[in-house]
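Asker: First residue of the sequence shown: 3, per the working numbering; consecutive thereafter.
By construction, the Cβ of each residue, glycine as well, lies at the ideal position given by its N, Cα and C atoms.
Here it is: the structure, laid out below.
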Amino acid sequence: KPLQSDLVLNLAEIIQVIHQPICVRSSSLLEDSHYQPFAGVYETCMLPNRGDDQRRLEELCDAVRAVWASTYFRSAKEYLKATEHMLEDEKMAIIIQQVIGSEHGSYWYPNISGVARSLNYYPLGGERPEDGVGMLSFGFGKSVVDNGSALRFSPTHPKRPAQFLGGDQTSSQHMFYALNLEHGYHPLEEGGLENLELLDLDEALKHPESLKFIASTFDLQSGTLSESVRAEGQKVITFNGVLKYDAFPLASIVKDVLTLGTQAMGKPVEIEFAVNLNRKAPKKQEFSLLQIRPIAAGNEESDVAISVEEKEAAAIYSTVVMGNGKIEDIQDIIYLKVDSFDASHMKDMAKELDKLNAQMVLAEKDYALLVAGRLGSCDPWLGIPVTWSQISRSKVIIETGLKGFQVEPSQGTHFFQNMTSLGCMYLTINPDRRSGRLDLEKLKQLEIYDETEHFVHARTSGNLTIKVNGFKGEGVVLLP
């Protein structure tokens, strides 16, 4: 459908002003709603903005149409259904921004992309929830969301050694997303809507200036890490230059923006940002705030007290939780047959969960779910590769580590942003490492309603009581 002629005239004016790559994205009522914001549901299009004026204008018009059309995609419709919104409620504006970054050969990308939240329901030892948490990646931030290869940092304690969370647990980022400046914008081709390419780190090594302050060099012979990008050895993305040595005051900027955002919105916020360190003098390095929105509000403000008696009586007790609040209207629990667990059957488990969830969707009932490993992982050896719609009625998720099967918990992904924005509670236990407790015998005494090869669906006579206190970091599941 062609755009209105007066709109096309306005777009033609924009390309006379902007000559660097352009990002076309949505800002809609539902995405930015204070109660159920949703992340990553609509398209974002990146344009190289190269060639003659006519071609640049056509590509910009195509991108505007593509973002509008994404309100009708299946993922958006499923999400609307889950949040009980009508498509008629939605109103969308299209935002046209310059893409932060700089040119490196035939590609364009920022040195740093990241997300940060002012409230961290996953504080590591010595941190508090209100210290906040951030994730950084080299190149475009699609890596944080898609393959989870990002470096976690604390805006309050940036110099602490960062744990690698997500993706490959043992190494740093070795792929990154960039915009190909020579390709143009072709929305109907495969992968054409987002238009970003996944490249090996070797491409960035051809332009070492892009890795300055971002990468360190690992000397295989001496086993030491050097902060010089030009040293001989293997490059590792550590962000040490900006986090440990303040070559750019990233952590303090993020901390200030989170504090200001929280004061302005009156509730915890999350932000998306990008950094360009490669600007020619006299221009200065730039930090760009791409988006700020409230963290989905659930029962964050209410204080959920858990007594000593409740901890002792609980079938499940966790000291690593996400979310905050109390649920007392669930009678169903679907739990993994822990005794016969085999990590090679994760794909079958995903199909079984899909089937069990479909029955709960028809019955319009919510349930608690107990699994092993990282739920929603792309790697079936780390956890069950379910999509959000396959477990859409689970209101409480418990991930457990087992003897001989230890995996970092899931966090920092859009999968979990969407789970928690729907008010889902999340608990991690690891009885083998004395973290939390799982009383299987109590679960086995419940009446079995349905059973598959790997799961038991039990239904209780009364209601379960589930309490999660995100500030103290503890949660319980109590049987009636």
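Of the choices 45, 471, 49 and 134, whose alpha-carbon is the least far from that of residue 309?
Answerer: Minimum Cα distance to residue 309 is reached at 471.
Asker: What's the C-alpha gap between residue 476 and residue 255?
Answerer: One C-alpha to the other measures close to 31 Å.
Asker: Between which two residues does the alpha helix (DSSP H) holding residue 261 run?
Answerer: Element bounds for residue 261: 252-267.
Asker: Restricting to Cα atoms, I'd like to know which of 348, 270 and 313 is closest to residue 120.
Answerer: Minimum Cα distance to residue 120 is reached at 270.
Asker: Report the residue ranges of all alpha helix (DSSP H) runs contained in full by the segment 190-241; include only those spanning at least 4 residues, in chain order.
Answerer: Here the runs fully enclosed are 203-207.
Asker: Taking 7 Å as the limit between beta carbons, can you name the residues of its chain near residue 218, skipping five residues before and five after?
Answerer: For residue 218, where only same-chain residues beyond five positions count, the Cβ hits under 7 Å are 227, 228, 229, 238, 240 and 242.
Asker: CA-CA distance, residue 15 and residue 282?
Answerer: Their backbone Cα atoms lie some 27 Å apart in a straight line.
Asker: Bridge partners of residue 467, per DSSP?
Answerer: DSSP, once it has assigned bridges, lists 480 as partnering residue 467.
Asker: Could you check how far apart the C-beta atoms of residue 20 and residue 51 are, in whole angstroms? I think they sit under 8 Å.
Answerer: At roughly 7 Å, the Cβ-Cβ gap stays under 8 Å, so residue 20 and residue 51 are in contact.
Asker: How long is the line joining the alpha carbons of residue 54 and residue 27, rounded to whole angstroms?
Answerer: Between residue 54 and residue 27, the C-alpha separation is close to 23 Å.
Asker: Please name the residue, chosen from 378, 463 and 453, that lies closest to residue 333 on a Cα-to-Cα basis.
Answerer: Of 378, 463 and 453, the residue nearest in Cα terms is 463.
Asker: Alpha carbon to alpha carbon, what distance is there between residue 434 and residue 41?
Answerer: Reliability fails at residue 41, whose pLDDT of 49 lies under 50, so the model's placement of it is uncertain and the value that follows must be treated cautiously. If I take the Cα positions, the gap works out to 35 Å.
Asker: For residue 47 and residue 10, which I take to be in contact (beta-carbon distance under 8 Å), what is that distance rounded to the nearest angstrom?
Answerer: Between residue 10 and residue 47 the Cβ distance is about 17 Å, and since that is not below 8 Å, they are no contact.
Asker: If we call anything under 8 Å between Cβ atoms a contact, is residue 372 one with residue 329?
Answerer: Their beta carbons are not under 8 Å apart, which means residue 372 does not touch residue 329 by this criterion.
Asker: Please classify residue 392: is it buried, with 16 or more other beta-carbons within 10 angstroms of its beta-carbon, or exposed?
Answerer: Classification for residue 392: buried.
Asker: If I'm right that residue 362 touches residue 395 with Cβ under 8 Å, what's the distance once you round it to whole angstroms?
Answerer: Right, the Cβ-Cβ distance comes to about 4 Å (below 8 Å), so this counts as a contact.
Asker: Here's the rule I'm using: 16 or more other beta-carbon atoms within 10 Å means buried, otherwise exposed. How should residue 1 be labelled?
Answerer: Not covered by the structure: residue 1. The range shown for the chain is 3 to 482.
Asker: Could you tell me if residue 139 is buried or exposed, where buried requires 16 or more neighbouring beta carbons within 10 angstroms of its beta carbon?
Answerer: When all chains shown are included, residue 139 counts as buried.
Asker: Distance check for residue 101 and residue 438, CA to CA, integer angstroms please.
Answerer: Their backbone Cα atoms lie some 45 Å apart in a straight line.
Asker: Near residue 36, which residues of its chain fall below 8 Å by C-beta distance, leaving aside the five closest residues on each side in sequence?
Answerer: Residue confidence for residue 36 is low, a pLDDT of 45 falling below 50, so the modelled location carries little weight; the figure read from the coordinates is stated next. Excluding residues within five positions, the ones whose Cβ falls inside 8 Å are 267, 269, 296 and 299.
Asker: How about residue 384 and residue 375: are their beta carbons less than 8 Å apart?
Answerer: Yes, the Cβ-Cβ distance between residue 384 and residue 375 is below 8 Å.
Asker: Under a Cβ-count criterion, where at least 16 other Cβ atoms within 10 Å of its own Cβ denotes burial, should residue 318 be classed as buried or exposed?
Answerer: Buried, since its Cβ has 16 or more Cβ neighbours within 10 Å.
Asker: Would you mind giving the Cβ-Cβ distance between residue 478 and residue 316, rounded to the nearest angstrom? I have them listed as a contact below 8 Å.
Answerer: Right, their Cβ atoms sit about 4 Å apart.
Asker: Distance, Cα to Cα, residue 272 vs residue 469?
Answerer: Roughly 25 Å between the two C-alpha positions.
Asker: If I follow the unbroken alpha helix (DSSP H) through residue 11, where does it start and stop?
Answerer: Taken as a continuous stretch (DSSP letters only), the alpha helix (DSSP H) holding residue 11 covers 7-19.
Asker: Since I believe residue 358 is in contact with residue 250 (beta carbons under 8 Å), could you give me their beta-carbon distance rounded to a whole number of angstroms?
Answerer: The pair is not a contact, with the Cβ atoms about 49 Å apart (cut-off 8 Å).
Asker: For the alpha helix (DSSP H) that contains residue 110, what are its first and last residues?
Answerer: Unbroken run through residue 110 is the beta strand (DSSP E), 109-111; no alpha helix (DSSP H).
Asker: Opposite residue 296 in the DSSP bridges: which residues?
Answerer: DSSP, once it has assigned bridges, lists 271 as partnering residue 296.
Asker: Taking 8 Å as the threshold (C-beta atoms), are residue 465 and residue 368 in contact?
Answerer: Not in contact: residue 368 and residue 465 (Cβ atoms no closer than 8 Å).
Asker: Can you pull the DSSP bridge partners for residue 459?
Answerer: Paired residues: 336 and 452.
Asker: In terms of residues, what are the limits of the beta strand (DSSP E) holding residue 408?
Answerer: It is not in any beta strand (DSSP E) - residue 408 carries neither H nor E in the DSSP assignment.
Asker: Quick one: residues in its chain with C-beta nearer than 8 Å to the C-beta of residue 198, no 5 flanking neighbours on either side, listed in chain order?
Answerer: Counting only Cβ-Cβ distances below 8 Å, and skipping sequence neighbours, we find 48, 142, 144, 179, 180 and 181.
Asker: For residue 393, which of helix, strand or coil comes out of DSSP?
Answerer: Helix.
Asker: Starting from the Cα of residue 291, find the closest Cα among 406, 311, 274 and 312 and give me that residue.
Answerer: Per the Cα distances, 274.
Asker: Identify whether residue 359 lies in helix, strand or coil by the three-state DSSP scheme.
Answerer: Reduced to three states, the DSSP call for residue 359 is helix.
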